[in-house]
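Structure first, commentary second.
Protein chains: 2
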Amino acid sequence: MAPRPASKTAVPSDKVGVICRALRRAIIEQALAPGAKLPEDSLGERFGVSRTIARHALGQLAAEGLVELRRNRIAVVATPSWQEARDAFDIRIELERLVVRQLAGKLTKSQIAELNTHVDAEDRARDGSDAVSIRLATEFHILLANMTNSPILVRYVSEVAYRCCLTLSLYSRPHSSECAINEHRAIIAALVKGDESKVMSLMHSHLDSVASRALVAPAPPRGRDLLDILAPYAEEGESERVVKLPKVVRAR
Amino acid sequence: MAPRPASKTAVPSDKVGVICRALRRAIIEQALAPGAKLPEDSLGERFGVSRTIARHALGQLAAEGLVELRRNRIAVVATPSWQEARDAFDIRIELERLVVRQLAGKLTKSQIAELNTHVDAEDRARDGSDAVSIRLATEFHILLANMTNSPILVRYVSEVAYRCCLTLSLYSRPHSSECAINEHRAIIAALVKGDESKVMSLMHSHLDSVASRALVAPAPPRGRDLLDILAPYAEEGESERVVKLPKVVRAR
DNA sequence: GACACTCAAAGTGCATGCAATTGAGGCGCA
DNA sequence: TGCGCCTCAATTGCATGCACTTTGAGTGTC
Numbered sequence: 001m002a003p004r005p006a007s008k009t010a011v012p013s014d015k016v017g018v019i020c021r022a023l024r025r026a027i028i029e030q031a032l033a034p035g036a037k038l039p040e041d042s043l044g045e046r047f048g049v050s051r052t053i054a055r056h057a058l059g060q061l062a063a064e065g066l067v068e069l070r071r072n073r074i075a076v077v078a079t080p081s082w083q084e085a086r087d088a089f090d091i092r093i094e095l096e097r098l099v100v101r102q103l104a105g106k107l108t109k110s111q112i113a114e115l116n117t118h119v120d121a122e123d124r125a126r127d128g129s130d131a132v133s134i135r136l137a138t139e140f141h142i143l144l145a146n147m148t149n150s151p152i153l154v155r156y157v158s159e160v161a162y163r164c165c166l167t168l169s170l171y172s173r174p175h176s177s178e179c180a181i182n183e184h185r186a187i188i189a190a191l192v193k194g195d196e197s198k199v200m201s202l203m204h205s206h207l208d209s210v211a212s213r214a215l216v217a218p219a220p221p222r223g224r225d226l227l228d229i230l231a232p233y234a235e236e237g238e239s240e241r242v243v244k245l246p247k248v249v250r251a252r
Numbered sequence: 001m002a003p004r005p006a007s008k009t010a011v012p013s014d015k016v017g018v019i020c021r022a023l024r025r026a027i028i029e030q031a032l033a034p035g036a037k038l039p040e041d042s043l044g045e046r047f048g049v050s051r052t053i054a055r056h057a058l059g060q061l062a063a064e065g066l067v068e069l070r071r072n073r074i075a076v077v078a079t080p081s082w083q084e085a086r087d088a089f090d091i092r093i094e095l096e097r098l099v100v101r102q103l104a105g106k107l108t109k110s111q112i113a114e115l116n117t118h119v120d121a122e123d124r125a126r127d128g129s130d131a132v133s134i135r136l137a138t139e140f141h142i143l144l145a146n147m148t149n150s151p152i153l154v155r156y157v158s159e160v161a162y163r164c165c166l167t168l169s170l171y172s173r174p175h176s177s178e179c180a181i182n183e184h185r186a187i188i189a190a191l192v193k194g195d196e197s198k199v200m201s202l203m204h205s206h207l208d209s210v211a212s213r214a215l216v217a218p219a220p221p222r223g224r225d226l227l228d229i230l231a232p233y234a235e236e237g238e239s240e241r242v243v244k245l246p247k248v249v250r251a252r
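The listed protein sequences correspond, in order, to chains U and G.
Each residue of the first sequence is one higher than the one before, counting from 1 in full-length UniProt numbering.
Each residue of the second sequence is one higher than the one before, counting from 1 in full-length UniProt numbering.
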């Protein structure tokens, strides 16, 4: 009587899956900002399960890079460095070029309709919160990936898209999403037309522009704590040279 | 006093990490063939930990696609379909092109030496078991990925390379690795020379030839069981239509 | 001999309990 | 006030126990 068989990847039980999906969504909507604490018992209590399950879910999310786990420490929402964000976008560009290459000229009528419906929803959400816009924009890309029918590709694109989403909340200025929506429409058009190289370059420039709008400066603009800000000044990770800095550094 | 800080990705405790690494290696060396059963208690007993930990490790490996988990069933080593194998190689090609693009002309002397040392080892292992050759060949690619210093890229390349490895054991004829080794040498040379587009196309054709040598036919050649072989003939997954087939089908 | 049914053994799903670690506030001291 | 030490509540690490599900071997019937 399960509502959906939910061809989800590798989710052991489904309570774990439920928690993962909920947290994922909360994270990409920025309800949980990078650095937010995720204690096992609170999570368990909130979802009506034991710590064991909450812990398992955190493990999965950590594998996806959305959560950071350190031994004996409370799990936190991941805080990717600027460089990691850049890397994620580079990977994403390649993967999504592959997606549209496989899809060009191969969409069914109902798939095209589904994509258009989604972009319409993005349009309608323009006045709403940024968080929802960002989520919908991300989901557009995941929807595309889904249409390839390649579970592996879906997983990688989803993961890396979520990670990128996470970085937007760290490094981006308030989102201006209108152009992105037009770019989505252009991509659909090119996919329908079946112009493989056109749609690949469209996707490339789309993601590139999202990335460059988001990752404006290599400096960590906000949401970082003192230690992270100081980190680049440490260089030699060795030891005694930094002893003269404020004690927080030693506390590391 | 930990020997290495081990910048490994997202491994909660380290007992889990140990088990994951051991299983990963066993899988890619085909000590554990696709379909092999991995009961939690046996695993726990073997590694001297409780089922809880073994279970957690299986969860991680499932997230990487090396293990298949089904509710209330014993975990098994994944048995990718031919199509999934093809998809994995496609993704791998894109990711590794990215790797060598980033690396072209940027290798340090010691990195070049490390690569050469590795290929020498591959050479020496040519007479040994296929399993070891395959593992070394895979590790060459992971070594390259590591040199990009992009943890995300490393993770994805490793994962997808392991998956490809897994498919080799399913679909490939006995490995003939000599040409692969020469191709590795050619890639190193092009990387040193710094010819970006040359090295990208070398990597592309290298992986393409590995894939086409491995994935010779879309039919599932061996190691599959009756059910999987019959699967394509079922089409409508519904129900009663297959009732007339041998009873194993119903047993599903 | 083939099928259907039953039931115990094996295995997973999950909660709970106990030990170990952490870090934050409190206390003393200069 | 400012700094360091100490203690204890909060939290994780992990094993274990109990309930439920699956499996397959054995039994009986036709």
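Cβ coordinates follow ideal geometry from the N, Cα and C atoms, glycine included.
All figures in this text were calculated on a predicted structure; none of them were measured in a lab.
Which whole-angstrom value is the C-beta distance of Tyr-171/G and Ala-85/G, which I expect to be below 8 Å?
Numbered from 1 along the second sequence, position 171 holds the residue referred to as residue 171/G. Numbered from 1 along the second sequence, position 85 holds the residue referred to as residue 85/G. At roughly 6 Å, the Cβ-Cβ gap stays under 8 Å, so Tyr-171/G and Ala-85/G are in contact.
Strictly by DSSP, which residues pair up with Val-67/G?
Counted from its first residue, the second sequence places residue 67/G at position 67. DSSP lists Val-77/G as partners of Val-67/G.
Are the beta-carbon atoms belonging to Tyr-156/U and Tyr-156/G less than 8 Å from one another?
What you label residue 156/U is simply residue 156 of the first sequence in a count that begins at 1. What you label residue 156/G is simply residue 156 of the second sequence in a count that begins at 1. Cβ atoms of Tyr-156/U and Tyr-156/G: closer than 8 Å.
Can you check whether the C-beta of Pro-34/U is within less than 8 Å of a C-beta belonging to chain G?
Translated into the one-based positions of the first sequence, residue 34/U becomes position 34. No, its Cβ sits nowhere closer than 8 Å to a Cβ of chain G.
Please find out if some non-hydrogen atom of the ligand GDP comes closer than 7 Å to the beta-carbon of Asp-41/U.
Here there are no bound small molecules, and the ligand GDP is not part of this structure.
Name, in chain order, the residues that DSSP records as bridge partners for Leu-143/G.
Within the second sequence, numbered from 1, the residue matching residue 143/G stands at position 143. Note: Leu-143/G sits in no beta bridge, so no partner.
Which chain U residues sit within Cβ distance under 8 Å of Ala-88/G?
Taking the first residue of the second sequence as position 1, residue 88/G is located at position 88. Simply Ile-152.
Measure from the alpha carbon of Phe-47/U to the alpha carbon of each residue in Asp-120/U, Arg-21/U and Ala-88/U, then state which is nearest.
In the first sequence, counting from the first residue as 1, residue 47/U sits at position 47. Comparing Cα-Cα distances from Phe-47/U to each of Asp-120/U, Arg-21/U and Ala-88/U, the minimum goes to Arg-21/U.
Mind checking Thr-79/U: buried by the 16 CB within 10 Å criterion, or exposed?
Within the first sequence, residue 79/U is the residue found at index 79, counting from 1. Buried: at least 16 other Cβ atoms inside 10 Å.
Kindly indicate which three-state DSSP category Leu-38/G falls into: helix, strand or coil?
Taking the first residue of the second sequence as position 1, residue 38/G is located at position 38. Looking at Leu-38/G - three-state DSSP - the assignment turns out to be strand.
Report the three-state DSSP secondary structure of Val-119/U (helix, strand or coil).
Within the first sequence, numbered from 1, the residue matching residue 119/U stands at position 119. Val-119/U falls in the helix class under three-state DSSP.
Cβ neighbour criterion (16 or more within 10 Å) applied to Asp-120/G
If you number the second sequence from 1, residue 120/G lands on position 120. Exposed, by the Cβ-count rule.
Coarse secondary structure for Gln-83/U, derived from DSSP in three states:
Taking the first sequence and counting its residues from 1, one reaches residue 83/U at position 83. The answer is helix: DSSP assigns Gln-83/U an H, G or I state.
Please classify Gly-128/U as buried or exposed, where buried requires at least 16 other C-beta atoms within 10 Å of its C-beta.
Counting from 1 along the first sequence, the entry for residue 128/U is found at position 128. Label assigned to Gly-128/U: exposed.
What number of angstroms, rounded off, separates the C-alpha of Arg-101/G from the C-alpha of Asp-41/G?
For the purposes of this step, residue 101/G is taken as residue 101 along the second sequence, with counting starting at 1. For the purposes of this step, residue 41/G is taken as residue 41 along the second sequence, with counting starting at 1. Spanning the two alpha carbons is a distance of roughly 45 Å.
Assign Val-216/G to one of three DSSP states: helix, strand, or coil.
Start at 1 with the first residue of the second sequence, and residue 216/G comes out as number 216. Correct three-state label for Val-216/G: coil.
With DSSP as the reference, label Glu-29/U as helix, strand or coil.
Counting from 1 along the first sequence, the entry for residue 29/U is found at position 29. Residue state, collapsed to three classes: coil.
Could you pull out every residue in the same chain whose Cβ sits closer than 8 Å to the Cβ of Ala-54/G, ignoring the five residues on either side in sequence?
On the second sequence, residue 54/G is found 54 positions in, with the first residue counted as 1. So the list reads Ile-19, Glu-40, Asp-41, Leu-43, Gly-44 and Phe-47, once near-sequence residues are dropped.
Closer than 8 Å by C-beta to Ser-158/G: which residues in its own chain qualify, once you throw out the five before and the five after it? Chain order, please.
Your numbering for residue 158/G matches position 158 in the second sequence. Ile-142 and Ala-145.
Within 8 Å, strictly: CB atoms of Ser-169/G and Ala-33/G
As a working mapping, residue 169/G is identified with position 169 in the second sequence. As a working mapping, residue 33/G is identified with position 33 in the second sequence. Going by C-beta atoms, Ser-169/G is nearer than 8 Å to Ala-33/G.
Which first and last residues belong to the alpha helix (DSSP H) in which Ser-169/G is found?
Sequence index remark: in the second sequence, residue 169/G carries index 169 (1-based). From DSSP, the alpha helix (DSSP H) with Ser-169/G extends over 151 to 171.
How close, in whole Å, do the beta carbons of Ile-187/U and His-206/U come, if the pair is a contact with beta carbons under 8 Å?
Counting from one through the first sequence, the residue named residue 187/U turns up at place 187. Counting from one through the first sequence, the residue named residue 206/U turns up at place 206. Confirmed, Cβ separation roughly 7 Å.
Would you call Gln-60/G buried or exposed, if buried means 16 or more other Cβ atoms sit within 10 Å of its Cβ?
Within the second sequence, residue 60/G is the residue found at index 60, counting from 1. Gln-60/G comes out buried.
Helix, strand or coil for Val-132/U, going by three-state DSSP, please let me know.
Stepping through the first sequence from its first residue, residue 132/U is reached at position 132. If DSSP states are grouped into helix, strand and coil, Val-132/U belongs with the helices.
Alpha-carbon to alpha-carbon, Thr-117/U and Leu-58/U
Your numbering for residue 58/U matches position 58 in the first sequence. Your numbering for residue 117/U matches position 117 in the first sequence. Looking at the backbone, the Cα of Leu-58/U and that of Thr-117/U are separated by about 33 Å.
Chain U residues whose Cβ lies nearer than 7 Å to that of Ile-142/G:
Reading the second sequence from its first residue, position 142 is the one you call residue 142/G. Correct list: empty, because the minimum Cβ distance to chain U is about 16 Å.
Helix, strand or coil for Ala-104/U? Go by DSSP, reduced to three states.
The residue you call residue 104/U lines up with position 104 of the first sequence. Residue state for Ala-104/U is assigned as coil, using DSSP reduced to three classes.
Taking Leu-136/U as the reference, give the member of Ile-28/U, Pro-151/U and Leu-23/U with the closest Cα.
What you label residue 136/U is simply residue 136 of the first sequence in a count that begins at 1. The option with the nearest alpha carbon to Leu-136/U is Ile-28/U.
Whole-angstrom C-beta distance between Val-210/U and Ala-180/U, which should lie under 8 Å
Looking up residue 180/U in the first sequence gives position 180. Looking up residue 210/U in the first sequence gives position 210. With a beta-carbon spacing of about 6 Å, Ala-180/U and Val-210/U fall inside the 8 Å limit used to define contacts.
Coil, strand or helix - Val-192/U by DSSP:
Here residue 192/U corresponds to residue number 192 of the first sequence, with the count starting at 1. Three-state result, Val-192/U: helix.
Find the nearest neighbour of Ser-197/U within the set Cys-164/U, Ser-50/U and Arg-97/U, judged by alpha-carbon distance.
Position 197 of the first sequence holds residue 197/U. Checked all of Cys-164/U, Ser-50/U and Arg-97/U; the closest Cα to Ser-197/U is Arg-97/U.
So for residue 253/G, helix, strand or coil by DSSP?
No statement about residue 253/G is possible, as the shown extent of chain G runs from 1 to 252 and does not include it.
Residues of chain G with CB closer than 9 Å to the CB of Ala-214/U, please, in chain order.
Residue mapping note: residue 214/U aligns to position 214 of the first sequence, counting from 1. Those within 9 Å of Ala-214/U in chain G number zero; the least Cβ separation is about 16 Å.
What three-state label does DSSP hand Thr-148/G in the structure shown?
Walking along the second sequence from the start, residue 148/G turns up at place 148. Coil at Thr-148/G, not helix or strand.
With H, G and I counted as helix, E and B as strand and the rest as coil, what does DSSP make of Val-199/G?
Reading the second sequence from its first residue, position 199 is the one you call residue 199/G. Three-state result, Val-199/G: helix.
Which residues in the same chain have their Cβ closer than 7 Å to the Cβ of Lys-15/U, if we skip the five residues on either side of it in sequence?
The residue you call residue 15/U lines up with position 15 of the first sequence. For Lys-15/U, where only same-chain residues beyond five positions count, the Cβ hits under 7 Å are Val-49 and Ile-53.
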